[in-house]
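**Student:**
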Amino acid sequence: MNEIDEKREVKRLLILAVLAGRIMLKNGAETYRVEDMIIRICRSRKNIKYVEAFVTPTGIFVSLEHGEEVVSYLQRINTIKIDLNKINMVNDFSRQFVESDMGIEEAIEKLKKIDDVDNYDNITKFLFGGIIAAFFSLLFGGNFLDFLASFFTGIMVVVVTTKLNELGITFFISNFCGAAVASLLSILFVKIGLGASPDKIIIGSIMSLVPGVAITNAIRDTMSGDFVSGLSRGMEAIITALSIAFGVGMILKIYFKGLI
Numbered sequence: 001m002n003e004i005d006e007k008r009e010v011k012r013l014l015i016l017a018v019l020a021g022r023i024m025l026k027n028g029a030e031t032y033r034v035e036d037m038i039i040r041i042c043r044s045r046k047n048i049k050y051v052e053a054f055v056t057p058t059g060i061f062v063s064l065e066h067g068e069e070v071v072s073y074l075q076r077i078n079t080i081k082i083d084l085n086k087i088n089m090v091n092d093f094s095r096q097f098v099e100s101d102m103g104i105e106e107a108i109e110k111l112k113k114i115d116d117v118d119n120y121d122n123i124t125k126f127l128f129g130g131i132i133a134a135f136f137s138l139l140f141g142g143n144f145l146d147f148l149a150s151f152f153t154g155i156m157v158v159v160v161t162t163k164l165n166e167l168g169i170t171f172f173i174s175n176f177c178g179a180a181v182a183s184l185l186s187i188l189f190v191k192i193g194l195g196a197s198p199d200k201i202i203i204g205s206i207m208s209l210v211p212g213v214a215i216t217n218a219i220r221d222t223m224s225g226d227f228v229s230g231l232s233r234g235m236e237a238i239i240t241a242l243s244i245a246f247g248v249g250m251i252l253k254i255y256f257k258g259l260i
């Protein structure tokens, strides 16, 4: 292999590592896990003297040294969702790549296929959003009517947030609207006799909006020494919680003023 081809292969290896990191990060992986995977992929091929990766929830920065040259790559991450299946698939792929002689072009094609894997369809999301809400309302002390009301309210909350996310609306607005819908429908269900405790219905219905993964990742990143990522994920969780509180609070304020 001549020098030009070797340089091209190193650049493609860097692109491969960043692509794998981007898929993991945008689907909710911890930053330290993404950094470790990028470094392992780059070091799996010979003639790579030095690799350093710095990952935040909104960007990936990687540099590696090959010969007398240092090659860098920057990737901006705009949207983050939760898809543990894709994270697991990329983890399996990275182990397979490191432990084999898989070609870089073949590896890139495999990653593209993983990135294109469809998430759960909307019907499944809506159905299980309702089931989550219904059983959480029972967990918090609701009765059978609250269970049914939470089921239908939870479906509507997931419908609203999913459609807003598809339109590219910021997560603050989508969670605010979802929480407002949960409060409004809870009050309406109680008024027509299909619910007993609006508070139990509201609590159950907003559980699908609670930023549990963001809180967990913030703690894990902080404990791993990634304070920038831990702080940013913590702020994401706080802002999400505030948007839910504002959505619920606005409807309840209107309700107690007798406007509903």
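Just so it is clear: in the sequence shown, position 183 is 183 by full-length UniProt numbering, and no numbers are missing.
No residue lacks a Cβ here, since even glycine has one placed at the ideal position from N, Cα and C.
Can you give me the Cβ contacts of V158 inside the same chain, cut-off strictly under 7 angstroms, excluding the 5 residues immediately before and after it?
**Tutor:** In the sequence shown, residue 158 corresponds to position 158, counting from 1. Here the set comprises K125, F126, G129, S208.
**Student:** Short of 8 angstroms in beta carbon distance, which residues of its chain neighbour V34, apart from the five on each side in sequence? Order them along the chain.
**Tutor:** Counting from one through the sequence shown, the residue named residue 34 turns up at place 34. Excluding sequence neighbours, V34 sits near G21, M24, L25, A53, V55, I60.
**Student:** Taking 8 angstroms as the limit between beta carbons, can you name the residues of its chain near V18, skipping five residues before and five after?
**Tutor:** Taking the sequence shown and counting its residues from 1, the one referred to as residue 18 is at position 18. So the list reads I38, I60, V62, Y73, Q75, once near-sequence residues are dropped.
**Student:** Can you find the residues in the same chain that come closer than 8 angstroms, C-beta to C-beta, to A107, ignoring five residues on each side of it along the sequence?
**Tutor:** The residue you call residue 107 lines up with position 107 of the sequence shown. Around A107: L16, F93, F97.
**Student:** Three or more C-beta pairs closer than 8 angstroms, one from the segment 146 to 166 and one from the segment 212 to 232: is that the case here?
**Tutor:** Result no; under three Cβ-Cβ pairs closer than 8 angstroms.
**Student:** Beta carbon of F128: closer than 7 angstroms to some heavy atom of the ligand FAD?
**Tutor:** The ligand FAD is not part of this structure, which contains no ligands at all.
**Student:** Report the option in A133, L145, I239, K112 whose CA atom is closest to the CA atom of G193.
**Tutor:** By one-based count along the sequence shown, residue 193 stands at place 193. The candidate whose alpha carbon is nearest that of G193 is L145.
**Student:** I think V71 touches L14, with their Cβ atoms under 8 angstroms apart; what is that distance to the nearest whole Å?
**Tutor:** Counting from 1 along the sequence shown, the entry for residue 71 is found at position 71. Counting from 1 along the sequence shown, the entry for residue 14 is found at position 14. 6 angstroms between Cβ atoms; contact.
**Student:** For F152 versus G204, is the C-beta spacing smaller than 8 angstroms?
**Tutor:** For this step, residue 152 is matched to residue 152 along the sequence shown. For this step, residue 204 is matched to residue 204 along the sequence shown. No.
**Student:** Going along the chain, which residues of its own chain have a beta-carbon closer than 6 angstroms to the beta-carbon of P211, five neighbours each way excluded?
**Tutor:** Within the sequence shown, numbered from 1, the residue matching residue 211 stands at position 211. For P211, where only same-chain residues beyond five positions count, the Cβ hits under 6 angstroms are A237, T240.
**Student:** Express the C-alpha separation of A29 and L84 in angstroms, rounding to a whole number.
**Tutor:** Looking up residue 84 in the sequence shown gives position 84. Looking up residue 29 in the sequence shown gives position 29. Cα-Cα distance, rounded: 8 angstroms.
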